[in-house]
Amino acid sequence: MAEVPQNAGYMVAAYIATAVILVGYALSLYRRTTKL
Amino acid sequence: MNLVHRGRWITLLGLVLLALVYVRALAFTPVERFQGPAQKIFYVHVPAAWSAMLAMGLVGLCSILYLVLKDARFDRFAAASAEVGTAFSLVMLTTGPIWAKPIWGTWWTWDARLTLTLFLFFLFVGYLLLRGVVTDAGLRARYSAVLGICGLLLLPFIHLSVYFFRTLHPQPIVLKPSSPSLPGSMLATLLFSFGVFTLLYLGFVIQRYALSRLREERGGSHG
Numbered sequence: 001m002a003e004v005p006q007n008a009g010y011m012v013a014a015y016i017a018t019a020v021i022l023v024g025y026a027l028s029l030y031r032r033t034t035k036l
Numbered sequence: 001m002n003l004v005h006r007g008r009w010i011t012l013l014g015l016v017l018l019a020l021v022y023v024r025a026l027a028f029t030p031v032e033r034f035q036g037p038a039q040k041i042f043y044v045h046v047p048a049a050w051s052a053m054l055a056m057g058l059v060g061l062c063s064i065l066y067l068v069l070k071d072a073r074f075d076r077f078a079a080a081s082a083e084v085g086t087a088f089s090l091v092m093l094t095t096g097p098i099w100a101k102p103i104w105g106t107w108w109t110w111d112a113r114l115t116l117t118l119f120l121f122f123l124f125v126g127y128l129l130l131r132g133v134v135t136d137a138g139l140r141a142r143y144s145a146v147l148g149i150c151g152l153l154l155l156p157f158i159h160l161s162v163y164f165f166r167t168l169h170p171q172p173i174v175l176k177p178s179s180p181s182l183p184g185s186m187l188a189t190l191l192f193s194f195g196v197f198t199l200l201y202l203g204f205v206i207q208r209y210a211l212s213r214l215r216e217e218r219g220g221s222h223g
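The listed protein sequences correspond, in order, to chains F and Z. Counted from 1, the first sequence has number 13 at position 13 by my numbering; the numbering is strictly sequential. Counted from 1, the second sequence has number 53 at position 53 by my numbering; the numbering is strictly sequential.
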């Protein structure tokens, strides 16, 4: 049986990118609403 | 509790639940034998695509309602949804190539599905730029409503592009006429993630809508 590919680094990169974009956008909204 | 605070709490809950999606995907969902751990990008990529399409769908619907009813609340909601949709389409366009590289051997290919999703992102950006440059509120609302309706018309083409054109992108495995073709544990993680991304969309859009309203109340333009 073929071995499972070892590509966890891509998964980690995608999960980090997702968190950075979503948390970054949440912070941007927080900053803009508190500045008003 | 006012709208801003309500949106913040929903967003905070969404982010906490996103962490639980990560835990569930990493620790309690099996590794796919042929794609390996990279397949788990699926649990953020597909829900992000769903949220981006939900956002554009609501931009389009609110644009139609604005043109028919001339109610500024629909224009304000469309603007909020477009900004939030830009964030989700950025997640989709970032995670997609990261998944594609180990599986397809390339970061990007100019096939119908990928090109149309990139076009969706440019539509979001174009919509926001348009709102930024037109100063007259009535004109801005009308012009952006037309662009929003174009975005709505694009959505069925994106969804069906994998059936109409030869593409590397897989066909839908959940949103299709037959039942989902996924093992139960993977489907449960995916549905959980769909719920969390929808909740995040809701939290973001409530805050963004409230922000526009606050700006208007203070005499500025909601943009």
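The beta carbon of each residue, even a glycine, is placed where N, CA and C say it ideally should be.
Any 3 or more C-beta pairs closer than 8 Å across the segment 205-222 of chain Z and the segment 86-98 of chain Z: no
Selection from F204/Z, M186/Z, A49/Z that minimises the alpha carbon distance to L114/Z: Residue 114/Z sits at position 114 when you count from the first residue of the second sequence. Here the closest residue by C-alpha is A49/Z.
Under 7 Å from the C-beta of P37/Z: neighbouring residues of chain F: Here residue 37/Z corresponds to residue number 37 of the second sequence, with the count starting at 1. Within chain F, the residues near P37/Z are N7, A8, M11.
Counted within 10 angstroms of its Cβ, other Cβ atoms place Q207/Z as buried (16 or more) or exposed: Numbered from its first residue, the second sequence carries residue 207/Z at position 207. So Q207/Z counts as buried.
Proximity of Q35/Z and I98/Z at Cβ, strictly below 7 Å: Locating residue 35/Z in the second sequence gives position 35, counting from the first residue. Locating residue 98/Z in the second sequence gives position 98, counting from the first residue. No.
Contact check, A55/Z vs M92/Z, beta carbons under 7 Å: Reading the second sequence from its first residue, position 55 is the one you call residue 55/Z. Reading the second sequence from its first residue, position 92 is the one you call residue 92/Z. No.
Partner residues on chain F for L90/Z, Cβ-Cβ distance less than 8 Å: Position 90 of the second sequence, counted from the start, is the residue given in the question as residue 90/Z. Simply I21.
For G36/Z: DSSP bridge partner residues: Here the question's residue 36/Z lines up with position 36 in the second sequence. DSSP output for G36/Z lists E32/Z as bridge partner(s).
Exposed unless 16 or more other CB atoms sit within 10 angstroms - verdict on A100/Z: Indexing the second sequence from 1 puts residue 100/Z at position 100. Classification for A100/Z: buried.
Residue-level contact to chain F via CB, L211/Z, 7 Å cutoff: What you label residue 211/Z is simply residue 211 of the second sequence in a count that begins at 1. Closer than 7 Å: yes.
Nearest neighbour of R187/Z, chosen from K70/Z, V44/Z, F165/Z, Y201/Z [CA to CA]: On the second sequence, residue 187/Z is found 187 positions in, with the first residue counted as 1. Reading off the sequence shown, one finds Leu at residue 187/Z, where the question assumed Arg. For L187/Z, the nearest C-alpha among the options comes from V44/Z.
Touch test, the segment 107-123 of chain Z against the segment 24-32 of chain Z, Cβ-Cβ under 8 Å, three pairs minimum: no
Per-residue DSSP class, three states only, for S181/Z: The residue given as residue 181/Z occupies position 181 in the second sequence. Reduced to three states, the DSSP call for S181/Z is coil.
Limits of the unbroken alpha helix (DSSP H) element including K101/Z: By one-based count along the second sequence, residue 101/Z stands at place 101. That run of the alpha helix (DSSP H) goes 72-104.
At least 3 beta-carbon pairs within less than 8 Å: the segment 180-196 of chain Z vs the segment 127-147 of chain Z: no
Residue-chain proximity (Y22/Z, chain F), Cβ-Cβ < 7 Å: Counted from its first residue, the second sequence places residue 22/Z at position 22. It does; some Cβ of chain F falls within 7 Å.
Proximal residues to L199/Z (C-beta, below 7 Å), its chain only, five neighbours per side dropped: Indexing the second sequence from 1 puts residue 199/Z at position 199. Only I10, L13, G14, L17 meet the Cβ criterion.
Of the residues N2/Z, K70/Z, G96/Z, the one placed nearest L168/Z, counting alpha carbons only: The sequence position of residue 168/Z within the second sequence is 168, counting from 1. Closest by alpha carbon: G96/Z.
Beta-carbon spacing of G151/Z, V59/Z below 7 Å: In the second sequence, counting from the first residue as 1, residue 151/Z sits at position 151. In the second sequence, counting from the first residue as 1, residue 59/Z sits at position 59. Result yes, Cβ atoms of G151/Z and V59/Z sit closer than 7 Å.
Cutoff 7 Å: L29/F Cβ touching any chain Z Cβ: Numbered from 1 along the first sequence, position 29 holds the residue referred to as residue 29/F. So, interface residue.
Proximal chain F residues relative to P102/Z, where beta-carbon distance stays under 8 Å: Reading the second sequence from its first residue, position 102 is the one you call residue 102/Z. What P102/Z touches in chain F: P5, N7, Y10.
A87/Z at chain F interface by Cβ criterion, 7 Å: As a first step, residue 87/Z is located in the second sequence; it is residue number 87 there, counting from the start. Yes, A87/Z counts as interfacial toward chain F.
Element boundaries [alpha helix (DSSP H), containing P5/F]: As a first step, residue 5/F must be located in the first sequence, where it is residue number 5. No alpha helix (DSSP H) holds P5/F; DSSP gives it neither H nor E.
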